[in-house]
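A.B. asks: Following this message is one structure expressed as structure tokens.
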Amino acid sequence: MIRPLHRWAGLGAALILSVTALSGAALSLYPAAGALSAVPLPDISAGQLAATLQDSVPGLEEIRVSAAGGITAYAFQDGAALRWTVDGATGEILAPAERSALQLWLTNLHRSLFLGDAGRLVVVAASLAMLALTLSGLALTARRLGGWSRLLAPARGPLSRRLHLDLARLGGAALALSALTGIWLAAGTFGLLPETGMPGFVAGGAPAMSPAAMTALGDLPLADLRQLTFPRPGSAGDVFTLRTVAGTGYVDPASGQMLAWTARGWADRLGDLAMMLHTGRGAAVLGLLLGLAALTVPALGLTGLAQQAGRRPAGAAGRRVRAVAPEAADTILLVGSEGGTTWGFAERLRAALTRAGSSVHVGPMSGFAPGRYVRAQRVLILAATSGDGDAPGSAQGFLDRVCALGKAPAAPFAVLGFGDSAFPAFCGYAEKVRAAARAAGWAELMAPARVDRQSPQDFARWVRALADRLGIALDLLPASAGPEPVRLRLVSRRDYGAEVQAPTAILRFALPRRSLWQRLAGGGFGPFLAGDLLAVLPEGDSRPRYYSLASGSSDGFAEICVRKHPGGLCSGQLMDLELGDSVAAVLRPNPAFHAGKDEAPLILIGAGTGIGPLAGFARGNRARRPLHLYFGARAPESDLLFGEDLVQWQKDGRLATVATAFSRTADRAYVQDLLRRDADRVAALVSQGARIMVCGGRDMARGVAEALEDILDPVGATLVRLKAEGRYVEDVY
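Take the sequence shown: its letters are residues 1 to 733, numbered as in the UniProt record's numbering.
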């Protein structure tokens with residue numbers, strides 16, 4: 001059993017293991033080079049360094065100190081994000097802290113083979129194969145040499161066999177260590193490890209003092225500092241965010257005292273250890289030894305293949321797309337996306353431009369850095385809209401940076417908006433982007449356009465217009481096929497709303513069976529979490545309609561809330577379903593609207609069918625995290641969705657509190673009225689680090705936002721700030 005495992009794992013993973021090992025060996029040189037050039041940290045406090053850099057670095061936003069002792073200052077100046085290497089003793093700026101294009105290329109190759117999350121999964125699989133190969137190889141070596149006591153005895157036999165055994169014994173332990181730490185780091189990347197929640201706080205309002213005079217920073221040795229983020233200029237109530245080797249906290253700039261503190265958990269400490277062991281950061285000699293061990297991997301692959309009679313080494317891998325740095329690109333393609341769909345359009349455009357001879361840099365709008373676009377001839381912006389004209393997830397901070405431009409970029413811009421014409425704010429964020437760019441004096445390449453409901457025809461028309469404007473031919477290949485729709489069978493339904501002429505139902509569908517391979521590889525229908533989206537394809541229309549899931553795949557079913565809209569094709573078909581009927585649907589991740597795994601309290605606010613994902617969070621709250629639900633409906637006897645469930649979940653401790661408001665009763669009220677009634681409790685929860693999640697109609701969300709602004713103002717918090725921290729999220733329709 002051991003021999004076939006070793007043989008087939010080695011043959012199957014030889015190429016990928018060689019690529020990751022060689023790239024890892026090359027990357028191990030960088031920590032060693034950094035250690036040779038590092039200057040010992042001075043015997044000063046974190047506050048002293050912060051005060052020195054605050055005076056010498058305009059626009060200073062953040063200071064980071066690596067485990068190896070390197071100091072980097074991050075600043076935002078003249079519309080550009082800058083990074084500088086700093087002399088800790090003098091506070092002198094030494095040089096730009098930019099990783100070389102080669103290092104970036106090697107890092108992307110090593111971590112994901114340039115294939116994104118799919119590539120990361122392949123690398124994880126390769127690490128698992130590496131671990132299996134190491135353990136099985138040591139067992140086979142011991143067996144061949146006559147037992148574990150003879151593991152270091154001289155090998156006998158053909159040259160290829162002797163080389164294989166000697167190389168395995170030389171690098172086996174180091175390779176196993178690299179594989180284990182790589183798997184641990186990958187688990188953190190995919191959110192599979194517990195996270196230490198950020199503490200809550202209430203900041204003072206007095207003028208800020210010098211960092212050198214702050215007790216919390218003055219008592220902290222510089223060697224213990226890892227990251228210090230400065231308050232935003234002019235933002236009342238903002239604080240220093242401090243991360244040290246021991247934990248994370250907030251420092252009041254007015255008093256210099258620690259407002260709140262959370263010690264680093266065991267997973268954080270293990271993660272630091274795994275990072276050091278895997279990369280050599282903070283232990284350069286160990287990194288070099290691991291790098292040397294990694295060089296044995298391709299040799300082991302070749303000698304192993306040589307022992308397989310009649311077999312030839314596998315052919316070369318297919319060509320991969322190489323990332324283009326902003327400084328080397330003639331076309332900058334910026335993407336603002338919430339659920340990921342816009343990135344697919346961006347990839348098709350990148351490929352077409354590349355085939356036409358352009359060098360294209362693709363990045364998120366949040367990474368906008370015009371100072372790096374030194375060769376750019378055009379900036380193309382593909383911007384989706386989130387909520388009521390808000391920035392999508394990958395475009396946070398873009399408008400602020402455009403408004404802060406001291407000088408408009410030389411390369412003209414063009415905007416293509418993505419949205420749904422059924423909503424009032426159709427492509428509203430794209431319009432804001434264009435208006436801000438024009439106000440900054442930025443020249444426009446061509447007229448803006450909009451893509452309605454991911455229409456390939458709308459996108460193709462804009463690409464043809466772009467080709468005409470540039471005077472080139474753009475060959476736009478068809479989009480790659482997405483996941484195949486599956487048929488979901490209705491197994492139960494609960495109907496509401498007939499009394500108030502608003503037919504609504506909770507529909508529960510059975511999950512299709514997934515094969516063992518699909519479960520291992522993450523294919524098929526699932527996995528999914530409450531808050532993800534079910535894209536239903538109605539009969540007679542190829543455009544999907546999206547419904548928030550009120551369940552996770554661990555619940556064993558897919559559940560949604562549907563309200564019948566007059567003339568609504570999809571909602572009408574769903575409401576007409578009978579038990580045993582089925583619909584075609586696919587899953588769409590919605591990571592921005594997940595409850596998360598931390599222990600911070602959640603304030604859940606919804607109305608009507610917006611209760612769906614919030615009910616899913618409560619159903620899945622087996623850890624009894626504090627969840628406080630505010631739910632609005634018309635009347636308790638007609639459309640109190642999940643009414644019996646809410647009572648039971650509160651008894652079980654899955655919901656800490658439940659407050660309901662009804663708009664068609666004698667005591668007419670809305671959820672924002674309940675929030676104002678509980679203003680002190682809501683403000684206290686937010687000060688303790690609570691997150692707020694809102695789901696429902698736009699009018700409801702607007703009223704909730706207005707109420708929360710009034711409630712949070714006395715404690716120095718704002719929705720803008722909570723959004724930036726990921727503590728206020730909306731899913732509105």
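C-beta atoms are modelled at their ideal positions from N, C-alpha and C, and glycine is treated no differently.
In three-state terms, what does DSSP make of Y429?
C.D. replies: Helix, per DSSP.
A.B. asks: Can you give me the C-alpha to C-alpha distance between G428 and G393, rounded to a whole angstrom?
C.D. replies: Taking the straight line joining both Cα atoms gives about 15 Å.
A.B. asks: I'd like the span of the alpha helix (DSSP H) that includes A467, first residue to last.
C.D. replies: Note, A467: alpha helix (DSSP H), P456 to L470.
A.B. asks: Quick check on G59: does DSSP put it in helix, strand or coil?
C.D. replies: Note: G59 maps to coil in three-state DSSP.
A.B. asks: Give the DSSP-derived three-state secondary structure of M258 in the structure shown.
C.D. replies: Residue state, collapsed to three classes: strand.
A.B. asks: Nearest-angstrom Cα distance between F76 and Q377?
C.D. replies: Going from the Cα of F76 to the Cα of Q377 covers about 24 Å.
A.B. asks: Per DSSP, which one or two residues make a beta bridge with V335?
C.D. replies: DSSP, once it has assigned bridges, lists P364 and L382 as partnering V335.
A.B. asks: Would D55 be called buried (16 or more neighbouring beta carbons within 10 Å of its own) or exposed?
C.D. replies: Classification for D55: exposed.
A.B. asks: Is the beta carbon of residue 735 sitting closer than 9 Å to the one on L549?
C.D. replies: The first residue shown for the chain is 1 and the last is 733, placing residue 735 beyond what the model contains.
A.B. asks: Compute the Euclidean distance between the alpha carbons of P448 and G79, then round it to the nearest angstrom.
C.D. replies: Straight-line Cα distance between these residues: approximately 24 Å.
A.B. asks: Would you decide whether W442 is buried or exposed? Buried here means 16 or more other CB atoms lie within 10 Å of its CB.
C.D. replies: Buried: at least 16 other Cβ atoms inside 10 Å.
A.B. asks: So, helix, strand or coil for Q77, using DSSP?
C.D. replies: Looking at Q77 - three-state DSSP - the assignment turns out to be strand.
A.B. asks: CB L102 to CB A176, shorter than 9 Å?
C.D. replies: Cβ atoms of L102 and A176: not closer than 9 Å.
A.B. asks: Reducing DSSP to helix, strand and coil, say where Y250 ends up.
C.D. replies: Here Y250 sits in strand by DSSP.
A.B. asks: Measure from the alpha carbon of S210 to the alpha carbon of each residue in A690, S255 and L674, then state which is nearest.
C.D. replies: Here the closest residue by C-alpha is S255.
A.B. asks: Please list the terminal residues of the continuous alpha helix (DSSP H) segment that includes S571.
C.D. replies: L569 to M575 is the span of the alpha helix (DSSP H), which, as asked, contains S571.
A.B. asks: Ignore the nearest five residues each way along the sequence and tell me which others in G526's own chain have a CB closer than 6 Å to its CB.
C.D. replies: Around G526: S553.
A.B. asks: Helix, strand or coil, according to DSSP, for R563 in the structure here?
C.D. replies: R563: strand per DSSP, three-state reduction.
A.B. asks: Give the single residue among S235, R676, A623 and C695 whose Cα lies nearest to the Cα of D652.
C.D. replies: Closest option to D652, Cα to Cα, is A623.
A.B. asks: By the three-class DSSP mapping on this structure, what secondary structure does G171 have?
C.D. replies: G171: helix per DSSP, three-state reduction.
A.B. asks: With a 10 Å radius around its C-beta and 16 neighbouring C-beta atoms as the bar for buried, classify W266 as buried or exposed.
C.D. replies: With fewer than 16 Cβ atoms within 10 Å of its Cβ, W266 is classed as exposed.
A.B. asks: What do you reckon, are the CB atoms on S100 and A186 nearer than 9 Å?
C.D. replies: Against a cut-off of 9 Å, the Cβ pair of A186 and S100 comes out as no contact.
A.B. asks: Just to confirm the assignment: which complete alpha helix (DSSP H) runs, minimum length 4, are found wholly within the stretch 593-676?
C.D. replies: 611-619, 636-639 and 643-652, all fully within the stretch 593-676.
A.B. asks: Just the Cα atoms here: how many angstroms apart are V715 and G247?
C.D. replies: Roughly 25 Å separates the two Cα atoms.
A.B. asks: With burial defined as no fewer than 16 other Cβ atoms inside 10 Å of the residue's Cβ, what is the status of T215: buried or exposed?
C.D. replies: The residue is exposed, with fewer than 16 neighbouring Cβ atoms inside 10 Å.
A.B. asks: I need the straight-line Cα distance from D268 to M276, nearest angstrom please.
C.D. replies: Approximately 12 Å, taken between the alpha carbons.
A.B. asks: The beta strand (DSSP E) spanning R508 covers which residue range?
C.D. replies: T504 to A510 is the span of the beta strand (DSSP E), which, as asked, contains R508.
A.B. asks: Would you tell me roughly how many angstroms separate the C-alpha atoms of A683 and G556, rounded to the nearest one?
C.D. replies: Going by the C-alpha atoms only, they are around 37 Å apart.
A.B. asks: Look at the Cβ atom of E431, then the Cβ atom of G387, and state whether they are nearer than 9 Å.
C.D. replies: No. Outside cutoff.
A.B. asks: Going by C-alpha distance, which of I16, A51 and Y670 is nearest P298?
C.D. replies: It is I16.
A.B. asks: Starting from F525, trace the alpha helix (DSSP H) in both directions and tell me its first and last residue.
C.D. replies: Neither: F525 is in no alpha helix (DSSP H) and is coded neither H nor E.
A.B. asks: Considering Cα atoms alone, identify which of P409, A384, R264 and G271 is closest to T331.
C.D. replies: Considering only alpha carbons, the answer is P409.
A.B. asks: Counting C-beta neighbours from all protein chains within 10 Å, is the total for S515 16 or more, i.e. buried, or is it exposed?
C.D. replies: Looking at its Cβ environment, which holds fewer than 16 other Cβ atoms inside 10 Å, S515 is exposed.
A.B. asks: Please confirm whether F509 and A558 have their CB atoms less than 9 Å apart.
C.D. replies: Yes, the Cβ-Cβ distance between F509 and A558 is below 9 Å.
A.B. asks: Could you tell me the distance, in whole angstroms, from the CA atom of D458 to the CA atom of L685?
C.D. replies: Roughly 46 Å separates the two Cα atoms.
A.B. asks: Which value, in whole angstroms, describes the spacing of the CA atoms of A309 and D117?
C.D. replies: Note that A309 scores a pLDDT of 40, beneath 50, so its modelled location is shaky and nothing firm can be said.
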